[in-house]
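Chemist: With UniProt numbering, the residue at position 116 of the sequence shown is 116, and numbering never jumps.
Right, I'll just put the structure down here and ask away after.
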Amino acid sequence: MGVVAAAAPVVDIVVAVVVADVVVVVAVVVVVVVVGVVVIVVVVVVFVVIVVAVVAFVAVVIVTVVVIVVVVVAVVVVVCVVVVAVVVVIIVVVAFVIAVDFVIVVVVVVAVVVVIVVADGWCIVLPLLLPGCCQYHAVETVFPYIQCYC
């Protein structure tokens, strides 16, 4: 019984050392796992933040480019519409002026022709309209004048 009694403190020391080693190993494993998880979480969060920032930046760039393109297209469309409108107005005005001039020329030519053709007819119609007129005289122009002698 003396050997067992003498060995008991050694066994207690060995058990205590093994328990202490296990506690230290478990503590180290827990610390390493916790630190690893924290590092992984931090890395993932940083990665997500970077990805979100890049996506946001790209989105802002895309939106900016789209806005610029839309504005440029709108300006080009407005300028084209204004240019076309100005050209159409000019064409309409020129056509109207040409048409009015044409009508004026036609009316004047027709009037001159009518005056020349009908001038001789006045000799017949005038005595009926103005009793007492007995003579018709045409000047050397296209517009005759009537001279009556009573």
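For glycine and all other residues, C-beta sits at the position ideal for the given N, C-alpha and C.
(1) Taking only the alpha-carbon atoms, compute the straight-line gap between VAL76 and ALA59 and give it to the nearest angstrom.
(2) If I measure Cβ to Cβ from ALA16 and keep anything under 7 angstroms in the same chain, skipping five residues before and after, which residues do I get?
(3) To the nearest angstrom, report how far apart ILE13 and VAL51 are at their CA atoms.
(4) Measuring only the C-alpha atoms, how far is VAL93 from VAL84?
Modeler: This is what the structure gives:
(1) Position 76 of the sequence shown holds residue 76. Position 59 of the sequence shown holds residue 59. For VAL76 and ALA59, the distance between alpha carbons rounds to 25 angstroms.
(2) Here residue 16 corresponds to residue number 16 of the sequence shown, with the count starting at 1. So no residue of the chain qualifies.
(3) On the sequence shown, position 13 is the one that residue 13 refers to. On the sequence shown, position 51 is the one that residue 51 refers to. Straight-line Cα distance between these residues: approximately 55 angstroms.
(4) In the sequence shown, residue 93 corresponds to position 93, counting from 1. In the sequence shown, residue 84 corresponds to position 84, counting from 1. VAL93 and VAL84: Cα-Cα distance of roughly 14 angstroms.
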